[in-house]
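*Asks:*
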Amino acid sequence: MKKSLLALLCMFVLVLAACGDSSDSGETSEYRTVYSGEIKTLNYLKTAETNEFALSANLVEGLIEYDQYGVVKPGLAESWESNEDATVWTFKLRDDVKWVDHEGKDVENVVAQDFVDGLNYVLDAKNESSTAWIATVVKNGDAFYNGEVTDFSQVGIKAIDETTLEYTLEAPTPYFLSMLNYVCFFPVNGEFLAEKGDTFGTTRENILYNGAYILDKFEPQNERVLVKNDAYWDKETVKIDRIRYKYNKEAATVAPELFLRDEIDGALIPTSILDEWLNSDDKKDLVRQNTNNFYTYFYALNFDPQYDAEYEPENWKVAVNNKDFRKSLYHALDRVSAMLTIEPYNPQDLLSNTITPKNFVDVEGVDYTMLEPLKAITETDSFNKDLALEHKEAALAALAGKATFPVKVLLPYNSGSPEWANRSQVVEQQLENLLGTDYIDVELYAGPATGFLGEVRRPGKFSMLEANWGPDFADPSTYTDPFSEGGTYNKPEMAEGYNSEYNKLVEAAKAEVDPAVRYELFAKAEAFLIEEAFVIPYAVGGGGYTASKLNPFESQYSPFGVTSEKFKGQSILDKPMSNEEFKSAKEAWEKERAEALANTSN
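Note that the sequence shown covers residues 327 to 928 in the numbering used here.
(1) Confirm, please, whether the CB-CB distance from Gly887 to Tyr623 is below 9 Å.
(2) Kindly list the residues whose CB is nearer than 7 Å to the CB of Gln615, restricted to its own chain and excluding five residues on each side of it in sequence; keep chain order.
(3) Name the DSSP bridge partner or partners of Asp487?
(4) Going by DSSP, which residues form a beta bridge with Asp693?
(5) Measure the alpha-carbon distance for Lys912 versus Lys649 and round it to whole angstroms.
(6) Identify whether Thr416 lies in helix, strand or coil by the three-state DSSP scheme.
(7) Kindly list the residues whose CB is nearer than 6 Å to the CB of Asp767, restricted to its own chain and excluding five residues on each side of it in sequence; keep chain order.
(8) Tell me the rounded alpha-carbon separation between Glu769 and Glu669.
(9) With three or more beta-carbon pairs closer than 8 Å as the criterion, would you say the segment 778-789 touches the segment 825-834?
(10) Which residue comes first and which comes last in the alpha helix (DSSP H) that contains Asn641?
(11) Indicate the three-state DSSP secondary structure (helix, strand or coil) for Leu791 in the structure shown.
(12) Taking the alpha-carbon positions, what's the Pro738 to Phe651 distance?
(13) Taking contact to mean 3 or more Cβ pairs, one atom from each stretch, closer than 8 Å, check whether the segment 564-582 and the segment 853-862 are in contact.
(14) Closest by CA to Trp425, which one among Thr489, Tyr535, Ile862?
(15) So which of Thr680, Met790, Gly444, Leu715 has the shortest CA-CA distance to Glu698?
(16) Suppose the cutoff is 7 Å on Cβ atoms and the five residues either side in sequence are ignored; what does the same chain contact list for Trp559 look like?
(17) With DSSP as the reference, label Ala374 as helix, strand or coil.
(18) Whole angstroms are fine: how far does the CA of Pro498 sit from the CA of Pro639?
(19) Within its chain, find whatever has a CB closer than 7 Å to the CB of Pro683; leave out the 5 residues flanking it on each side and keep chain order.
(20) Pair every Cβ in the segment 479-491 with every Cβ in the segment 430-441, then say whether three or more of these pairs are closer than 8 Å.
(21) Would DSSP call Val509 helix, strand or coil?
(22) Please report the straight-line C-alpha distance between Thr416 and Glu407, rounded to a whole angstrom.
(23) For Thr373, count neighbouring Cβ atoms within 10 angstroms of its own Cβ and tell me buried if that reaches 16, exposed if not.
(24) Start and end of the alpha helix (DSSP H) containing Lys653?
(25) CA-CA distance, Glu846 and Ala658?
(26) Give me the Cα-Cα distance between Leu677 and Lys609, rounded to the nearest whole angstrom.
(27) State buried or exposed for Glu429, treating a residue as buried only when at least 16 other CB atoms are found within 10 Å of its CB.
(28) Buried or exposed: where does Thr704 fall if 16 or more other Cβ atoms within 10 Å of its Cβ makes it buried?
(29) Between the C-alpha atoms of Tyr656 and Gln756, what's the straight-line distance to the nearest angstrom?
(30) Please give me, in chain order, every unbroken run of the alpha helix (DSSP H) with length at least 4 that falls completely inside the segment 515-567.
(31) If we ignore side chains and look at the alpha-carbon of each, how far apart do Ala851 and Ala834 end up?
(32) In this structure, does DSSP put Leu570 in helix, strand or coil?
(33) Going by C-alpha to C-alpha distance, which of Ala664, Asn641, Ala538 sits closest to Val564?
(34) Excluding the 5 residues preceding and the 5 following Trp603 in the sequence, name in chain order all residues of the same chain whose CB lies nearer than 6 Å to its CB.
(35) Nearest by alpha-carbon distance to Pro841: which of Arg530, Pro500, Glu719, Ile390 is it?
(36) Any chance the segment 877-884 sits against the segment 383-400, with 3 or more Cβ pairs inside 8 Å?
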């Protein structure tokens, strides 16, 4: 999924508060949060930022969702079926789902045509939807987007009747259900969309709601409030009545103190104060670990630098096109030192040697990351002082007279994240100490807390950048998108010697139907990307420590899409979960999940 660094930051600094779980008392329960990264749109058909996904997931609902164990469950579709080769999928919709306005008043029933209208908007290039790329899985989706097909009726989606929806896909897609957990497949009331035009999604009045909550207040850089949707088809499972987001540009810094004052219900506990909390009799039982997730973090080396001349982008471009220079950085990055800024006790638990995380998918019982030739990378730490210095000497010889040393390395970070700032300083010092300031000069740059994605990463204003990606569906292809031609990350296709090799390998893998062969081809493509040091795999998301009254094992679970952003099904604990309670609950959840998945496959 096209997840921004800012978006992930917002997830990290999200802190929560409530007046307690009053679902049994009949009292109204409120759940408050503070945040520092503002959303820019309510148009869920257009956005690609996680903090905006997180809001939309609670306001609008799609065909399917997942339970707390990651088992797919009916959403707006009460049932579905596919043909033998998984190219045609038919969904039967509920007949009791309502669109309501910002005041909760009924507008229309949700019907199959609403899904057609939503996809029509997404695939219309003039709307500049950031999620259109995933919707091209439908037949003629790409052709319509590119203008080769102009009649949308030729695109593979059809409303058979008001409650029957049919998708026809370009190719067999057995994982299609997992793709429906993404906003580009969400419905929209076509008449309302046409009426609002360009103002759709600009205010709370300019969208309709069919999800668990309605946006009752939307005041950017002040407050937004979600209230329970009484017309929601599954409202009995919605246990929190009100969610209150309060803006604070220093959210990550002030949250722990606000939590101690009982003004909020949860806070990320940064490493700078973690020891003090864990060693305090009053605070130690308030802190627990966070769960890991399937976001992948990596350091991207930029092959199309677009930053100011003072940072010498042309010199960087010469250097980064030398494989030995890239490999010197690849082997010089001590990821454990960097990870200590998040996880000071068990940093290895979060490290990842690959782009695709372990335990994401498997074929015939073999984890994808253990397929050749990716297996050797999976089992080997990229940090190697001797190899780093060996590649440094080779780069110096090859670039003599071509590049000027030290090479300036512009390394931006989001100024809204103190831990990211600390981590960037660690990386700067560690790389320069190992490789020498006669070789590289790492220049830190404090980017904006809001709009980091649009102002820094997308326009290419970096040499090296900590970036991330989240999966959109249950297939290794979802982790190839940041690095494919036309992506908005580090433009490896512009590297000398690239010769579209990665894209050739990816396209061959995508064309293969047999999962065993398909996964092996994707493993080969990923190994090429890493061996060439176009990217430096770093870690998986999650981790760190938090103080929270939420039970993380109540929330809906999915490695991809927006289900995990929902508050539906969650309740507020009377007191924060301690780390011992967390470990016990996690052990029980893992056993229950294994049983649930086994029962699903039988």
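From the three backbone atoms N, C-alpha and C, an ideal C-beta is built for every residue, glycine too. Being a predicted model, the structure only gives us computed values, none of them experimental.
*Replies:* Result, derived from the coordinates:
(1) Here residue 623 corresponds to residue number 297 of the sequence shown, with the count starting at 1. Here residue 887 corresponds to residue number 561 of the sequence shown, with the count starting at 1. No, they are not a contact pair.
(2) Locating residue 615 in the sequence shown gives position 289, counting from the first residue. Hits under 7 Å: Tyr871, Asn905, Phe908.
(3) Within the sequence shown, residue 487 is the residue found at index 161, counting from 1. Paired residue(s): Thr490.
(4) In the sequence shown, counting from the first residue as 1, residue 693 sits at position 367. In the DSSP output, where bridge partners are listed per residue, Asp693 has Asp688.
(5) For the purposes of this step, residue 912 is taken as the residue at position 586 of the sequence shown. For the purposes of this step, residue 649 is taken as the residue at position 323 of the sequence shown. Between Lys912 and Lys649, the C-alpha separation is close to 43 Å.
(6) The residue you call residue 416 lines up with position 90 of the sequence shown. Thr416 falls in the strand class under three-state DSSP.
(7) Here residue 767 refers to the residue found at position 441 when the sequence shown is read from its first residue. If we look at Asp767 and ignore the five residues flanking it on each side, its Cβ neighbours are Pro732, Lys734.
(8) Translated into positions along the sequence shown, residue 769 becomes position 443. Translated into positions along the sequence shown, residue 669 becomes position 343. Near 25 Å, if we compare the C-alpha coordinates of Glu669 and Glu769.
(9) no
(10) Taking the sequence shown and counting its residues from 1, one reaches residue 641 at position 315. Looking at the DSSP string, the run of the alpha helix (DSSP H) that includes Asn641 is 639-646.
(11) Taking the first residue of the sequence shown as 1, we reach residue 791 at position 465. Here Leu791 sits in strand by DSSP.
(12) For this step, residue 738 is matched to residue 412 along the sequence shown. For this step, residue 651 is matched to residue 325 along the sequence shown. Near 20 Å, if we compare the C-alpha coordinates of Phe651 and Pro738.
(13) No contact exists between the segment 564-582 and the segment 853-862.
(14) The residue you call residue 425 lines up with position 99 of the sequence shown. For the residues Thr489, Tyr535, Ile862, the minimum Cα distance to Trp425 belongs to Tyr535.
(15) Here residue 698 refers to the residue found at position 372 of the sequence shown. Nearest option by C-alpha distance: Thr680.
(16) Here residue 559 refers to the residue found at position 233 when the sequence shown is read from its first residue. So the list reads Arg420, Asp422, Val423, once near-sequence residues are dropped.
(17) Position 48 of the sequence shown, counted from the first residue, corresponds to residue 374. In the three-state reduction of the DSSP assignment, Ala374 falls in the coil class, being assigned neither a helical nor a strand state.
(18) Numbered from its first residue, the sequence shown carries residue 639 at position 313. Numbered from its first residue, the sequence shown carries residue 498 at position 172. When rounded, the distance between both Cα atoms is 44 Å.
(19) Reading the sequence shown from its first residue, position 357 is the one you call residue 683. Excluding positions up to five away in sequence, the list reads Phe620, Thr622, Val866.
(20) Taking 8 Å as the limit for Cβ pairs, the verdict is that the segment 430-441 does touch the segment 479-491.
(21) Counting from 1 along the sequence shown, the entry for residue 509 is found at position 183. In this structure, Val509 counts as helix in the three-state DSSP scheme.
(22) Indexing the sequence shown from 1 puts residue 416 at position 90. Indexing the sequence shown from 1 puts residue 407 at position 81. Near 5 Å, if we compare the C-alpha coordinates of Glu407 and Thr416.
(23) Sequence index remark: in the sequence shown, residue 373 carries index 47 (1-based). Classification of Thr373: buried, given that the 10 Å Cβ count is 16 or more.
(24) The residue you call residue 653 lines up with position 327 of the sequence shown. Run containing Lys653: 649-658, per the alpha helix (DSSP H) assignment.
(25) Indexing the sequence shown from 1 puts residue 846 at position 520. Indexing the sequence shown from 1 puts residue 658 at position 332. Taking the straight line from one Cα to the other gives about 29 Å.
(26) As a first step, residue 677 must be located in the sequence shown, where it is residue number 351. As a first step, residue 609 must be located in the sequence shown, where it is residue number 283. Rounded to whole angstroms, the separation of the alpha carbons of Lys609 and Leu677 is 28 Å.
(27) For this step, residue 429 is matched to residue 103 along the sequence shown. Under this definition Glu429 is an exposed residue.
(28) Taking the sequence shown and counting its residues from 1, one reaches residue 704 at position 378. So Thr704 counts as buried.
(29) Here residue 656 corresponds to residue number 330 of the sequence shown, with the count starting at 1. Here residue 756 corresponds to residue number 430 of the sequence shown, with the count starting at 1. Rounded to whole angstroms, Tyr656 to Gln756 spans 13 Å at the Cα level.
(30) 516-522
(31) For the purposes of this step, residue 851 is identified with residue 525 of the sequence shown, where counting begins at 1. For the purposes of this step, residue 834 is identified with residue 508 of the sequence shown, where counting begins at 1. Roughly 10 Å between the two C-alpha positions.
(32) Stepping through the sequence shown from its first residue, residue 570 is reached at position 244. Looking at the sequence itself, residue 570 is Arg, so the reference to Leu does not match. In this structure, Arg570 counts as strand in the three-state DSSP scheme.
(33) Position 238 of the sequence shown holds residue 564. Checking every option, the nearest Cα to that of Val564 belongs to Ala538.
(34) Within the sequence shown, residue 603 is the residue found at index 277, counting from 1. Same-chain partners within the cutoff: Ile595, Lys609, Val613.
(35) Mapped onto the sequence shown, residue 841 falls at position 515. Out of Arg530, Pro500, Glu719, Ile390, Pro500 has the C-alpha closest to the C-alpha of Pro841.
(36) The answer is yes - the segment 383-400 touches the segment 877-884, with three or more Cβ pairs under 8 Å.
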